[in-house]
Amino acid sequence: MSVGGGVTFTSKPFWVKEGPTTFPSGPSHSCCRSAPATAGPPHGSCCVLSESKEGVEKPSFQRKKKKTKGRKKNPFNKKVSTAFCLSWVGAASAAGWLRGPLMSGHQTHTNTSVNGAEVPRRPPWSGPEKLLALDELIDSCEPTQVKHMMQVIEPQFQRDFISLLPKELALYVLSFLEPKDLLQAAQTCRYWRILAEDNLLWREKCREEGIDEPLHIKRRKVTKPGFTHSPWKSAYIRQHRIDTNWRRGDLKSPKVLKGHDDHVITCLQFCGNRIVSGSDDNTLKVWSAVTGKCLRTLVGHTGGVWSSQMRDNVVISGSTDRTLKVWNAETGECIHTLYGHTSTVRCMHLHEKRVVSGSRDATLRVWDIETGQCLHVLMGHVAAVRCVQYDGRRVVSGAYDFMVKVWDPETETCLHTLQGHTNRVYSLQFDGVHVVSGSLDTSIRVWDVETGNCIHTLTGHQSLTSGMELRDNILVSGNADSTVKIWDIKTGQCLQTLQGPHKHQSAVTCLQFNKNFVITSSDDGTVKLWDLKTGEFIRNLVTLESGGSGGVVWRIRASNTKLVCAVGSRNGTEETKLLVLDFDVDMK
Numbered sequence: 001m002s003v004g005g006g007v008t009f010t011s012k013p014f015w016v017k018e019g020p021t022t023f024p025s026g027p028s029h030s031c032c033r034s035a036p037a038t039a040g041p042p043h044g045s046c047c048v049l050s051e052s053k054e055g056v057e058k059p060s061f062q063r064k065k066k067k068t069k070g071r072k073k074n075p076f077n078k079k080v081s082t083a084f085c086l087s088w089v090g091a092a093s094a095a096g097w098l099r100g101p102l103m104s105g106h107q108t109h110t111n112t113s114v115n116g117a118e119v120p121r122r123p124p125w126s127g128p129e130k131l132l133a134l135d136e137l138i139d140s141c142e143p144t145q146v147k148h149m150m151q152v153i154e155p156q157f158q159r160d161f162i163s164l165l166p167k168e169l170a171l172y173v174l175s176f177l178e179p180k181d182l183l184q185a186a187q188t189c190r191y192w193r194i195l196a197e198d199n200l201l202w203r204e205k206c207r208e209e210g211i212d213e214p215l216h217i218k219r220r221k222v223t224k225p226g227f228t229h230s231p232w233k234s235a236y237i238r239q240h241r242i243d244t245n246w247r248r249g250d251l252k253s254p255k256v257l258k259g260h261d262d263h264v265i266t267c268l269q270f271c272g273n274r275i276v277s278g279s280d281d282n283t284l285k286v287w288s289a290v291t292g293k294c295l296r297t298l299v300g301h302t303g304g305v306w307s308s309q310m311r312d313n314v315v316i317s318g319s320t321d322r323t324l325k326v327w328n329a330e331t332g333e334c335i336h337t338l339y340g341h342t343s344t345v346r347c348m349h350l351h352e353k354r355v356v357s358g359s360r361d362a363t364l365r366v367w368d369i370e371t372g373q374c375l376h377v378l379m380g381h382v383a384a385v386r387c388v389q390y391d392g393r394r395v396v397s398g399a400y401d402f403m404v405k406v407w408d409p410e411t412e413t414c415l416h417t418l419q420g421h422t423n424r425v426y427s428l429q430f431d432g433v434h435v436v437s438g439s440l441d442t443s444i445r446v447w448d449v450e451t452g453n454c455i456h457t458l459t460g461h462q463s464l465t466s467g468m469e470l471r472d473n474i475l476v477s478g479n480a481d482s483t484v485k486i487w488d489i490k491t492g493q494c495l496q497t498l499q500g501p502h503k504h505q506s507a508v509t510c511l512q513f514n515k516n517f518v519i520t521s522s523d524d525g526t527v528k529l530w531d532l533k534t535g536e537f538i539r540n541l542v543t544l545e546s547g548g549s550g551g552v553v554w555r556i557r558a559s560n561t562k563l564v565c566a567v568g569s570r571n572g573t574e575e576t577k578l579l580v581l582d583f584d585v586d587m588k
């Protein structure tokens, strides 16, 4: 077709929707101005529009000149301005080619006038059509014009969207970042740093990691006005450094606490900065975990001490002399001696003001530690009681009669007898919902405390399960077969077995675990650190020179920053002592 000015189109442009095919008088390509109105494409160069494969009409441009390599040349002549392109679109609009709601009487958007032509701000083009139009527009511009476009567009993608949000919403967005990303965000700008130091934001991060309230860290102002350090952030960073110390920090020489001569340390408690060790030398000793000094020696039992519990300044001990004693750890005074059992007090569990003791006389007794009174006697086992758990409402006991029993101590009635083990029960865990029992029959059983039903039987160990810990449905079990296993008691699945070339070479004697690590001790004279999630061996924390020839680590207790190990031997190759390892950091 031929339009005003002599430009000939073989088909309508892709932006042409309907209407006449005559281009109004106005801007036209210089090479076409002299062409007759009815003529075809002028000789030399011409604008020709063709239909795309998708049916969308788009402009294409033909030249007779030889194609050049490299960057695509301007399809118009060399001097085509942005105003020309806009006026061309404006002229097409005036001719009625650009129809639709935006170009009709129903249009709601205002137009821009360029060289007297109305140019629509928002042509009714589809997404692909807009991209094609932009491609052609950019390709027709000089480098300086493209640079101008970049200067206009680029700032739109560099806007600080966080600063445009209300503070509460900005903090909500930042709460989805990992702590390491929050620390990086604080380096972005002053406002982001203020947000990234928000105390409530870091309190939530600490809560997710199980970090306790930072009572020892005071809020402090820094030299720059407007910035306040978050105590919760400091607590998080401190905990991260402590974890790093456990994993790969230098192992400093431990504090060595000597005091039980060559006797066996049978029980160990660690609370705050106090350590209490019980021995078959009939005594208990109270130690400072900070200085390593023996603060008190608790003398009064006439037989070996085989069980103990501790809370704050109160220590309770059970002995082969058939008594329990309540001590003031601060003064060393024996407050009460609890009489009633007729054989060795082998186990106990303290909850608030009450302690439940289990004895080789096959009974359990509930005591008030403030008055020294025996409140209840639980009878039903027919062999020695080896382990007990108490949550303040129910008592769970395991015995050498292969049974596990659930008791209501107030009524002194047995609620359930959990039958299934085929040998002695040596270890118990109770979280208020599940009872977990470990036996010499090599199995571990998970029970529902309300119904008494066995939910899972955990198999895989080859010998006696000597120790277990349960937390948040994760059970860690140590066995005389030298292995440690990590279980999910909800599914009964074994998640990890801590073995391989670095596994213990003898029976596992004790274990502790937290959200990151498992710590295990063994008859082989080592204390090992493992990754809870992967089951991978991290490193040895303690290695006795006498390990393998008699040196034993009997008990371990760990806090967030310290590890206490009770070591010795049964043949005199290793001196009886406590080792205290410190993994704390100095936050200056």
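Residue numbers (the UniProt record's numbering): 1 to 588. Just so it is clear, CB atoms sit at the ideal spot from N, CA and C, and this is done for glycine as well.
Could you tell me which residues DSSP pairs with residue i in its beta bridges?
i: Met-149; result: Note: Met-149 sits in no beta bridge, so no partner.
i: Asn-479; result: Thr-465
i: Leu-364; result: Gly-358, Leu-378
i: Val-276; result: Gln-269, Val-286
i: His-474; result: Before going on, a small fix: residue 474 reads as Ile here, not His. DSSP, once it has assigned bridges, lists Arg-471, Asp-488 as partnering Ile-474.
i: Gln-493; result: Asp-488
i: Thr-417; result: Lys-405
i: Val-527; result: Ser-521, Val-542
i: Gln-309; result: Ile-316
i: Leu-579; result: Val-256, Cys-565
i: Ile-242; result: DSSP, once it has assigned bridges, lists no residue as partnering Ile-242.
i: Val-264; result: Answer is none; Val-264 lacks a bridge partner.
Reducing DSSP to helix, strand and coil, say where residue i ends up.
i: Tyr-236; result: helix
i: Lys-405; result: strand
i: Ala-566; result: strand
i: Trp-125; result: coil
i: Gln-187; result: coil
i: Leu-511; result: strand
i: Ile-369; result: coil
i: Asn-328; result: strand
i: Ser-172; result: Looking at the sequence shown, residue 172 is not Ser but Tyr. Looking at Tyr-172 - three-state DSSP - the assignment turns out to be helix.
i: Glu-574; result: coil
i: Ser-253; result: coil
i: Arg-33; result: Because the pLDDT of Arg-33 is 42, which lies under 50, any placement of that residue in the model is unreliable, and the number read from its coordinates should be weighed accordingly. It is coil, neither helix nor strand.
i: Gly-292; result: coil
i: Arg-247; result: helix
Judging by CA-CA distance, which residue of the options is the nearest neighbour of residue i?
i: residue 592; options: Tyr-191, Ala-133, Gln-145, Lys-180; result: Any question about residue 592 goes unanswered here, given that the chain covers just 1 to 588.
i: Arg-193; options: Ile-335, Lys-255, Leu-182; result: Leu-182
i: Asp-472; options: Trp-287, Arg-238, Asp-431, Arg-386; result: Asp-431
i: Asn-282; options: Asp-262, Ala-383, His-341, Lys-485; result: Asp-262
i: Leu-324; options: Glu-333, His-301, Glu-330, Thr-331; result: His-301
i: Val-564; options: Arg-274, Thr-573, Ile-489, Ser-140; result: Arg-274
i: Leu-268; options: Thr-573, Ser-569, Trp-554, Asn-560; result: Trp-554
i: Ile-556; options: Met-468, Leu-132, Glu-213, Leu-364; result: Met-468
i: Thr-459; options: Glu-208, Asp-441, Ser-466, Lys-167; result: Asp-441
i: Lys-255; options: Pro-166, Thr-266, Lys-233, Trp-287; result: Trp-287
i: Ala-480; options: Val-552, Gly-492, His-461, Gln-158; result: His-461
i: Leu-578; options: Pro-155, Tyr-390, Phe-537, Gly-278; result: Gly-278
i: His-212; options: Ala-399, Lys-233, Glu-197, Arg-354; result: First, the residue type needs correcting, since residue 212 is Asp and not His in the sequence shown. When each option's Cα is compared against that of Asp-212, the closest is Lys-233.
i: Leu-251; options: Arg-570, Lys-562, Glu-574, Gly-572; result: Lys-562
i: residue 636; options: Gln-429, Phe-176, Ala-196; result: Residue 636 is absent from the structure shown; the chain starts at 1 and stops at 588.
i: Ile-369; options: Ser-317, Thr-244, Ile-237, Ala-399; result: Ser-317
i: Gly-272; options: Gly-550, Arg-311, Trp-327; result: Arg-311
i: Arg-322; options: Val-173, Gly-303, Glu-545, Asn-313; result: Gly-303
i: His-381; options: Gly-392, Thr-417, Leu-375; result: Thr-417
Would a C-beta distance cut-off of 7 angstroms place residue i and residue j closer than the cut-off?
i: Val-406; j: Ser-437; result: no
i: His-504; j: Ser-482; result: yes
i: Arg-241; j: Val-580; result: no
i: Leu-338; j: Gly-372; result: yes
i: Val-518; j: Val-542; result: no
i: Gln-493; j: Gly-535; result: no
i: Cys-387; j: Cys-414; result: no
i: residue 604; j: Leu-475; result: This structure gives no information on residue 604, because the portion of the chain shown stretches from 1 to 588.
On the DSSP letters alone, give me the boundaries of the alpha helix (DSSP H) that residue i sits inside.
i: Val-433; result: Taken as a continuous stretch (DSSP letters only), Val-433 belongs to no alpha helix (DSSP H), as it is neither H nor E.
i: Phe-537; result: No alpha helix (DSSP H) holds Phe-537; the beta strand (DSSP E) holding it covers 537-543.
i: Cys-206; result: 199-209
i: Ser-506; result: From DSSP, Ser-506 is part of no alpha helix (DSSP H); its letter is neither H nor E.
i: Leu-532; result: Segment: none, Leu-532 is in no alpha helix (DSSP H) and carries neither H nor E.
i: Ser-163; result: 161-164
Consider the Cβ of residue i: report whether some Cβ of chain C lies at a distance smaller than 7 angstroms.
i: Asn-273; result: No chain C is part of this structure, which consists of one protein chain only.
Is residue i near the ligand SAH - that is, is its Cβ less than 6 angstroms away from at least one heavy atom of it?
i: Gly-572; result: With respect to small molecules bound, the structure shown includes none, and the ligand SAH cannot be examined in it.
Along the chain, where does the beta strand (DSSP E) containing residue i start, and where does it finish?
i: Pro-177; result: Inspection of the sequence shows that residue 177 is occupied by Leu rather than by Pro. Segment: none, Leu-177 is in no beta strand (DSSP E) and carries neither H nor E.
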